[in-house]
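According to this note's numbering, the sequence shown is numbered sequentially starting from 24.
Remarks on the structure that follows.
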Amino acid sequence: MLYALGVVVFAVGLLASIALHEVGHLVPAKRFGVKVTQYMVGFGPTLWSRHRGETEYGLKWIPFGGYIRMIGMVPPGTAGRRSRWPRRMATAIEEFRTTSRAEVRPEDAEREFYRLTPGKKMIVMLGGPTMNLIIYLVIMVVLLTAVGLPHDDPTTRLATVSKCVVSATATVQDPTSCSTPSPAAQAGLQPGDTIVSVGGTPIRSWDQLVAIIEPSAGKALSLVYARDGVTHHTTLTPVTNRKWADNAMTRTVVTGFAGISPTDHHYYVPVGAAALPGEIGGQIGQALSAVGQFPSKIANLWQTVFDNKPRDAQGVIGVVGIGRLGGEIAETNQYGLQDKVLMLLSLLASINLLLFFLNLLPLLPLDGGHVAGAIVEAARRGWARLRGRRRLIFVDTAQTLPIMYVVGSALILLSVLTLYADIVKPVQLFGG
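Here it is in structure tokens:
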């Protein structure tokens, strides 16, 4: 039940992000006088729609994206101009142009998208990614300032008690096959016990306890602990053992070992105004780095599907996989309600930040491809003015149809691969 609720809640958040992305295109387009005939969230058959004015607003069955339909995306062809593409592709381009131009009524001739100045075209096409960036910033600023970053401090309450002594370098760590019980197990300690004092010294922190145990190998230490509100006395004799000296597990040290681990005190520390830009900037830098690694991540996904390689937890994930992550977060019993809500919101913010960068890639039919076309158009117009020519120059986006075919086919293939991987080898946050 919680899993399904998590999937639904996250799906609603994702749909809202898609809808706002399209609003980012819709508002400036209408503001600049472009006729927008459709505003749709999703693809495929229409689930629901309603006309308001000249625009049809609706939802479609496949919630993998959205679009607005603006008239005049493609300029008229130039009479007598020969295409650089082979005949079959040139025919397809002209058919595409004819279909696009058929949407333009004579009375709407001045309301076509291609007639906008390059600057206005960029504003319209950047509106969608900008909305994704705004969503990310709003969520993260609220979370960081009102709630804060998570912190975990070890307490003197025991989380685990090892049954046996196992070296950090042991290849097999099977507690049922060990021959030497851990000092903590021999002393009768259990998970949930709270260490009160060692050797007569009151214990206030986990670090203090570790500082006493590690140099005391072979020494019998009197220990007082509390269990269910009752104080108990025992003797703990740490033994010599090898443990990892760093988190990277590159070297080991010999030290006193008891066989206990602490529970953590989980809390949040709000981020101040001075530290907020650095925290946000760090996250944006990480997202930009992830986009830069996108080609290698796709290669890893291919190996996952066809070479039976393990799924990269930091790799490419699709809509189905994202929904499953939302369900997994809602279902886990490792975190409380507040943590789950914060994790879902953080995940939604991260997805919006990645969508911001991915949509800016200069590839048609992505928003960044249209922005690149507007930049080329502005450059060509500027060059023409320098040469004393005043004729308006428009970039013929119909000629990029082969590029759109290639990019579109690649996106479809990637969607199929991620869908298969998300079903057969899903990314799991908490193991499974």
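In this text, a Cβ means the ideal position worked out from N, Cα and C, and glycines have one as well.
Kindly indicate which three-state DSSP category residue i falls into: helix, strand or coil?
{"i": "Tyr62", "result": "strand"}
{"i": "Phe329", "result": "helix"}
{"i": "Asn264", "result": "strand"}
{"i": "Ala24", "result": "It should be pointed out that residue 24 corresponds to Met in this sequence rather than to Ala. Coil."}
{"i": "Val195", "result": "Reliability fails at Val195, whose pLDDT of 48 lies under 50, so the model's placement of it is uncertain and no value is given."}
{"i": "Met427", "result": "helix"}
{"i": "Trp229", "result": "helix"}
{"i": "Pro51", "result": "helix"}
{"i": "Asp287", "result": "strand"}
{"i": "Ala336", "result": "coil"}
{"i": "Met148", "result": "helix"}
{"i": "Trp71", "result": "strand"}
{"i": "Val189", "result": "coil"}
{"i": "Ala132", "result": "helix"}
{"i": "Met366", "result": "helix"}
Determine whether the Cβ of residue i lies closer than 8 Å to any Cβ atom of chain C.
{"i": "Val262", "result": "In the structure shown, chain C cannot be found, because there is only a single protein chain."}
Spatial neighbours of residue i within its chain, please: C-beta separation below 8 Å, excluding the five flanking residues on both sides.
{"i": "Pro198", "result": "Low confidence applies to Pro198: its pLDDT is 49, below 50, so where it sits in the model is not reliable, and the reading given next is rough at best. If we look at Pro198 and ignore the five residues flanking it on each side, its Cβ neighbours are Ser185, Lys186, Cys187, Val189."}
{"i": "Val430", "result": "Leu386, Leu387, Pro388, Leu389, Gly392"}
Let me confirm a value: residue i is counted as buried when at least 16 other C-beta atoms fall within 10 Å, else exposed. Which label applies?
{"i": "Asn356", "result": "exposed"}
{"i": "Lys332", "result": "exposed"}
{"i": "Trp71", "result": "exposed"}
{"i": "Gln422", "result": "buried"}
{"i": "Val195", "result": "Unreliable positioning characterises Val195 in this predicted model, as indicated by a pLDDT of 48, which lies under 50. A coordinate reading is not provided."}
{"i": "Leu139", "result": "buried"}
{"i": "Leu311", "result": "exposed"}
{"i": "Val276", "result": "exposed"}
{"i": "Ile435", "result": "exposed"}
{"i": "Pro98", "result": "buried"}
{"i": "Leu334", "result": "Note on identity: in this sequence residue 334 is Arg, with Leu being the wrong assignment. Buried, since its Cβ has 16 or more Cβ neighbours within 10 Å."}
{"i": "Gly346", "result": "buried"}
{"i": "Val221", "result": "buried"}
Measuring CB to CB, does residue i end up less than 8 Å from residue j?
{"i": "Leu166", "j": "Ser432", "result": "no"}
{"i": "Arg134", "j": "Gly56", "result": "yes"}
{"i": "Gln224", "j": "Gly241", "result": "A small fix is needed here, since residue 224 is Thr in this sequence, not Gln. In this structure, Gly241 does not lie closer than 8 Å to Thr224 by Cβ."}
{"i": "Glu237", "j": "Gly279", "result": "yes"}
{"i": "Glu45", "j": "Val64", "result": "yes"}
{"i": "Gly144", "j": "His393", "result": "Before going further, note that residue 144 is Lys rather than Gly in the sequence given. Cβ distance < 8 Å, so Lys144 and His393 count as in contact."}
{"i": "Asp208", "j": "Gly89", "result": "First, the residue type needs correcting, since residue 208 is Ala and not Asp in the sequence shown. Result no, Cβ atoms of Ala208 and Gly89 do not sit closer than 8 Å."}
{"i": "Gly388", "j": "Met112", "result": "The sequence as given places Pro at residue 388; Gly does not occur at that position. No. Outside cutoff."}
{"i": "Tyr159", "j": "Asn382", "result": "no"}
Pull up the CB-CB distance for residue i and residue j, whole angstroms please, since I reckon it's below 8 Å.
{"i": "His256", "j": "Val262", "result": "With 8 Å as the limit, His256 and Val262 do not qualify as a contact, their Cβ atoms being about 21 Å apart."}
{"i": "Val314", "j": "Phe380", "result": "5 Å"}
{"i": "Pro86", "j": "Gly150", "result": "Their Cβ separation, rounded to whole angstroms, is 21 Å, which puts Pro86 and Gly150 out of contact at 8 Å."}
{"i": "Thr178", "j": "Asp287", "result": "7 Å"}
{"i": "Val147", "j": "His48", "result": "6 Å"}
Can you list, in chain order, the residues of its chain whose CB lies under 7 Å from that of residue i, leaving out five sequence neighbours each side?
{"i": "Ile340", "result": "Thr441, Asp445, Val450"}
{"i": "Ala39", "result": "none"}
{"i": "Leu384", "result": "Gly391"}
{"i": "Lys492", "result": "Look at the range of the chain in this structure, 24 to 455, and you will see that residue 492 is not part of it."}
Near residue i, what residues of its chain come up, given a Cβ to Cβ distance below 6 Å and the 5 sequence neighbours on each side ignored?
{"i": "Arg92", "result": "Thr60, Gln61"}
{"i": "Val447", "result": "none"}
{"i": "Ser284", "result": "Ala182, Thr183"}
{"i": "Val418", "result": "Gly396, Val399, Glu400"}
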